[in-house]
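Trainee: Keeping their order, the protein sequence lines are chains U and H.
Per this note's numbering, residue 1 is the first one in the first sequence, and the count goes up by one each step.
Per this note's numbering, residue 1001 is the first one in the second sequence, and the count goes up by one each step.
Just dropping this structure here.
Number of protein chains: 2
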Amino acid sequence: MAKLVEAITSRDVDFAKWYTDICRVADLVDYGNIKGSMIIRPYGYAIWENIQNYLDKEFKKLGHENVQMPMFIPESLLNVEKDHIEGFAPEVAWVTMGGNAPLEERMCVRPTSETLFCEHYKKIIKSYRDLPKLYNQWCTIVRWEKTTRPFLRSREILWQEGHTMHRTEEEAREETQRMFKVYEDFQRNILALPVICGRKTEKEKFAGAEETYTIEAMMYDGIALQNGTSHYFGQNFAKAFNIEFLDSDNTLKTPYQTSWGVTTRMIGGIIMTHGDDNGLVLPPKIAPIKVIFIPIGNDNKVVECIHKLGEKIKSDITYKIDNSEKSPGFKFAESEAKGIPIRVEVGPRDLEENKVTLVRRDTLEKVKVTIEEAPAKIEKLLEEIQNNLYNKAKERRDSMIYSAKTYEEFKNIAQTKAGFIKINWCGETICEEKIKEETGLKSRCIIMEEQAQGNCIICGKKALHKIYFGKQY
Amino acid sequence: MAKLVEAITSRDVDFAKWYTDICRVADLVDYGNIKGSMIIRPYGYAIWENIQNYLDKEFKKLGHENVQMPMFIPESLLNVEKDHIEGFAPEVAWVTMGGNAPLEERMCVRPTSETLFCEHYKKIIKSYRDLPKLYNQWCTIVRWEKTTRPFLRSREILWQEGHTMHRTEEEAREETQRMFKVYEDFQRNILALPVICGRKTEKEKFAGAEETYTIEAMMYDGIALQNGTSHYFGQNFAKAFNIEFLDSDNTLKTPYQTSWGVTTRMIGGIIMTHGDDNGLVLPPKIAPIKVIFIPIGNDNKVVECIHKLGEKIKSDITYKIDNSEKSPGFKFAESEAKGIPIRVEVGPRDLEENKVTLVRRDTLEKVKVTIEEAPAKIEKLLEEIQNNLYNKAKERRDSMIYSAKTYEEFKNIAQTKAGFIKINWCGETICEEKIKEETGLKSRCIIMEEQAQGNCIICGKKALHKIYFGKQY
């Protein structure tokens, strides 16, 4: 038991090492053979499958259809949209040989698929009746990153990418916001992440987009994780790809486009928001195993009681019975390392009292309940854990958001505290860049629900926006 | 209407063109920008999602867990197992550049993942307690084929690959057969394909396997489609990768391995088995839309009746109401092209009689039923269609299986008929190769349930096996 727990570095001693320890000890990932590639192990992949199942249903409810585009993009196709190629060319993997023969034109493994979707949309969109097109794709993308960490920044990324085409600007803008909201709700309600949502600056927006909306999650160490984006493209790509449709007024028009995506990076966000020194802590709604039953000893009555309990808890509460040869103490530590929301300990002595012990992972509190009460109590506890994780994370996040009225104050906070700093900003890239160069902090997002009053803390001109700055993963 | 139907070449006039016409007209695929790459469109991808959902449940029921391995294999890793690299090296795509820098070691996009799984298994298998490992992966693989056709032979293939490790030979052999049976049952009962199951010869088995078991489906034109394989590896890879575990008797042992996979090629098998001159014909159990309601005219009563009917049919019967602006005739043709099992026509005149018209896609028979009878009749018809498709395909398949007692007879059949030819065979590769060189037919599979009697039709030595020969896709 001790051995397993000792293998996790304390989160307050070395956060980076704590993170990779959790990834390993909780059996989430293994490192691949090639730098920056990762193997997502069954327990980690089960989390991703839960994410997929939930989001896929939401997408489909809203009328989206799944498709599968090719994995390779010929260089000439990647080059069609100028900003896009500039953004991605430095970080793609190039295929240059097929079998033993060099290719006539090299092709990259998709870093994102706007160009592929546009090429296809050009063929299939002819009339206003063909609109909107609401496509989504679940796939793996490749970005040849220099520094890598499991889930946070890897060379291969599992994600979904929605790509939609609309008849009007209004519809496309609505879609951008609608999917942004789907991500926000999912991350708040299911992943228990108190995310901050806003708009990216001109400098930080997606290569080729008119506007990028971003979900920013703040990790335990105060560093931001960009955890999902929704882009409004306007007609940028559609014009570059000559996509036109015949509208009902018999004139040719250019459609409006969006794209939106989230990745396995969200798993990194869960780890770094909820985890503690005993290991992973999973929000019940995304946990592959919500309850683990651990028998103490191998009394027949204990086994019988566990099976009966298993049958009585609600069918959507996935549970596991740990019958392995390991000691109870080892099993306790392992269930904590894996972040299973509730552990149920059942021993012969408890049974004499007609009771079992429930241990909640978030607080490690133990409570003894009668066997009859247990199913309802488990259900209630799962809800409590879900809410508690969100509230705890929100409290911590709020305690690490600062306001700076002057640049001096900003620099002072940036040097001494972790977290986000809120400022007045004129909207000019030159001021944003000055902050980044001098403090290392990048803009997180423009706050959409707050109006700026006063002046930019850098240049002193009238402020256009309230905006967050922070370090990022 | 006429226009849509005319776009499909007759299946008996030009089968190859008929096939690609169906792929296009039924909106299953579009061609990608790179030769041999394909875009799987929403309707085609929905079929694949149904396949995935069904098989994934079966795999999990049997204790398998999903994982995600890297997409790239460094050349040195691909080279570890000698037979394996010889089999795959000529047909892989090589990545040689990351960003702007050449890679130190080139890597291929996985053509299959045995080497990646073995590398991982070596790290995580230490003790007999770690066995069996029952892993599966859903992913895309790449094989740089020269001639390509949608679903049948493409450069990017969507598939699942199971990779398992076992303590004993017996367990691994059982797993090989168990998953082989899962594939057989799925293809027979869900895809309505009357498949032939047997063992591959030494010459035709998977590169690196000890034994390969194959599912051979016969297409409408008598040509075979290899539609799934299950491999027993013995210790070949485990030894090449130095994978060992400490057994309960405290000695180091080498585990036994299997792998098994099916691909989007099965969609090609569905098309070429069940389709007809009006388009695709989908077995109800795999059809994304099982019933389509087509209103004749836009009478309010018609619309109301359709909505009521929709609510009354069983919830697992997916249906669609075609409210588009197209003419009823066009909608009829379109629903046929897309292979939707049952079309329900509802017009004002029918309603006066309290009736609706059901049209089954397999036979195009029409039947009028009362509105009250309709839900039960639809359910029954779907079952009938499923069975009828299987039986019709089986009858056709049986009519195209021949026996040859001499090589003369074999050559005569091979020249004049399409289909499979069953012969006595000595088991020697030299005789198998002679047949291939002289007739173009390849061995399909050794028949496991029939004992050979008599002599090899090529060399005249004592026959070891009954075996099928045939042309293949």
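Note that CB positions come from ideal geometry on N, CA and C, so glycine has one too.
These numbers come from a predicted model, not from an experiment.
#1: Short of 8 Å Cβ to Cβ, which residues in the region 121 to 147 of chain U face chain H?
#2: Could you tell me which chain H residues have their CB closer than 7 Å to the CB of Ile34/U, listed as they occur along the chain?
#3: When the Cβ atoms of the region 1457 to 1473 of chain H are set against those of the region 1416 to 1428 of chain H, are three or more pairs found closer than 8 Å?
#4: Here's the rule: buried if 16 or more other CB atoms are within 10 angstroms of the residue's CB, otherwise exposed. What is Gln1451/H?
#5: Are the C-beta of Met1001/H and some C-beta of chain U separated by less than 7 Å?
#6: Counting only beta-carbon separations shorter than 7 Å, does Met1448/H have a partner in chain U?
#7: Does any residue of chain H bring its CB to less than 7 Å from the CB of Leu77/U?
#8: Closer than 7 Å, CB to CB, is Trp260/U near chain H or not?
#9: Under 8 Å between beta-carbons, which chain H residues line up against Asp30/U? List them in chain order, please.
#10: Taking the alpha carbon of Lys35/U as the reference point, which residue from Asn1053/H, Arg1106/H, Ile1085/H has its own alpha carbon closest?
#11: With respect to the alpha helix (DSSP H) encompassing Met218/U, which residues constitute its N-terminal and C-terminal limits?
#12: When we look at the beta-carbon of Lys1133/H and count the other beta-carbons within 10 Å, is it buried (16 or more) or exposed?
#13: Determine, using beta carbons only, whether Gly470/U comes closer than 7 Å to chain H.
#14: Once you ignore the five residues that flank Lys1394/H on each side, which residues in its own chain have a CB closer than 7 Å to its CB?
#15: Starting from Thr96/U, find everything on chain H with Cβ-Cβ shorter than 7 Å and list it in chain order.
#16: Per DSSP, Cys1431/H forms a beta bridge with which residues?
#17: Examine chain U for any beta-carbon lying closer than 7 Å to the beta-carbon of Pro1042/H, and answer yes or no.
#18: Hey, how far is the Cα of Asp1247/H from the Cα of Lys1320/H?
#19: Does any residue of chain U have a CB that is nearer than 7 Å to the CB of Asn1050/H?
#20: Compare the C-alpha of Lys331/U against each of Lys355/U, Val13/U, Asn278/U and name the closest.
#21: If we ignore side chains and look at the alpha-carbon of each, how far apart do Glu432/U and Ser443/U end up?
#22: Select from the region 1148 to 1165 of chain H all residues with a C-beta closer than 9 Å to any C-beta belonging to chain U, and list them in chain order.
#23: Using CA coordinates, which residue listed in Arg1110/H, Phe1072/H, Lys1239/H is at the minimum distance from Arg155/U?
#24: Compare the Cα-Cα distances from Leu358/U to each of Glu204/U, Arg143/U, Ser230/U, Lys368/U and report the closest residue.
#25: Do Cys426/U and Phe237/U come within 7 Å of each other at the CB atom, strictly closer than that value?
#26: Anyone know if the C-beta pair for Ser230/U and Phe180/U falls short of 7 Å?
#27: Could you tell me how far apart the beta carbons of Ile1294/H and Pro1328/H are, in whole angstroms, since I believe they sit closer than 8 Å?
#28: Roughly how many angstroms separate the alpha carbons of Ala240/U and Asn1033/H, rounded to a whole number?
#29: DSSP three-state call for Thr115/U: helix, strand or coil?
#30: DSSP three-state call for Ala1093/H: helix, strand or coil?
#31: Buried or exposed for Pro1102/H, please, with buried defined as at least 16 other CB atoms from any protein chain shown within 10 angstroms of its CB.
#32: Quick one: which chain H residues come within Cβ less than 8 Å of Tyr319/U?
#33: Per DSSP, which one or two residues make a beta bridge with Asn424/U?
#34: Starting from Thr1258/H and walking both ways along the beta strand (DSSP E), at which residues does that stretch end?
#35: Going by DSSP, what residues sit across from His1064/H in a beta bridge?
#36: Quick one: grab the DSSP three-state call for Gln451/U.
Mentor: The relevant details are as follows:
#1: Residues are counted here when their Cβ sits less than 8 Å from a Cβ of chain H; for the region 121 to 147 of chain U these are Lys123, Ile124, Arg129, Tyr135, Cys139, Thr140, Val142, Trp144, given in chain order.
#2: Under a criterion of Cβ atoms nearer than 7 Å, the residues of chain H adjacent to Ile34/U are, in order, Pro1070, Phe1072, Pro1074, Met1107.
#3: A contact exists between the region 1457 to 1473 of chain H and the region 1416 to 1428 of chain H.
#4: Label assigned to Gln1451/H: exposed.
#5: With a pLDDT of 39 at Met1001/H, under the threshold of 50, the modelled position of that residue is not reliable, and the figure given next carries that caveat. Look at Met1001/H: its C-beta is not under 7 Å from any C-beta on chain U.
#6: No, Met1448/H lies away from the interface with chain U (no Cβ there is under 7 Å from its Cβ).
#7: Yes - at least one Cβ of chain H is within 7 Å of the one on Leu77/U.
#8: Closer than 7 Å: no.
#9: The contacting residues are His1120, Lys1123, Ile1124.
#10: Of the candidates Asn1053/H, Arg1106/H, Ile1085/H, the residue whose Cα lies closest to the Cα of Lys35/U is Arg1106/H.
#11: Note, Met218/U: premise wrong, no alpha helix (DSSP H); beta strand (DSSP E) at 211 to 218.
#12: In the assembly as shown, Lys1133/H is a buried residue. Its beta-carbon has 16 or more other beta-carbons within 10 Å.
#13: Under the Cβ criterion of 7 Å, Gly470/U is not counted among the residues facing chain H.
#14: Excluding residues within five positions, the ones whose Cβ falls inside 7 Å are Pro1194.
#15: Residues of chain H passing the Cβ test: Trp1094, Thr1096, Met1097.
#16: Answer by DSSP bridge pairing: none, since Cys1431/H is not bridged.
#17: Yes, contact with chain U.
#18: Inter-residue distance for Asp1247/H and Lys1320/H is about 57 Å (C-alpha atoms, whole angstroms).
#19: For Asn1050/H, the answer is no, since every Cβ of chain U falls outside 7 Å of its Cβ.
#20: Ranking Lys355/U, Val13/U, Asn278/U by CA distance to the CA of Lys331/U puts Asn278/U first.
#21: Taking the straight line from one Cα to the other gives about 7 Å.
#22: The region 1148 to 1165 of chain H vs chain U, Cβ under 9 Å: Arg1155, Glu1156, Leu1158.
#23: Nearest of Arg1110/H, Phe1072/H, Lys1239/H to Arg155/U, Cα basis: Phe1072/H.
#24: Nearest to Leu358/U by alpha-carbon distance, out of Glu204/U, Arg143/U, Ser230/U, Lys368/U, is Lys368/U.
#25: No, Cβ-Cβ distance for Phe237/U and Cys426/U is not below 7 Å.
#26: Contact: yes.
#27: Their Cβ separation, rounded to whole angstroms, is 6 Å, which keeps Ile1294/H and Pro1328/H in contact under 8 Å.
#28: Rounded to whole angstroms, Ala240/U and Asn1033/H show a C-alpha spacing of 17 Å.
#29: In the three-state scheme derived from DSSP, where H, G and I count as helix and E and B as strand, Thr115/U is classed as helix.
#30: Strand.
#31: By the neighbour-count rule (16 or more Cβ atoms within 10 Å), Pro1102/H is not buried but exposed.
#32: Those do not exist, as Tyr319/U stays about 15 Å from chain H at its closest Cβ, beyond 8 Å.
#33: Within the DSSP secondary-structure output, Asn424/U pairs in a beta bridge with Lys466/U.
#34: Where Thr1258/H is concerned, the enclosing beta strand (DSSP E) starts and stops at 1256 to 1263.
#35: Beta-bridge pairing links His1064/H to no other residue.
#36: Shown here, Gln451/U sits in a strand according to DSSP, grouped into three states.
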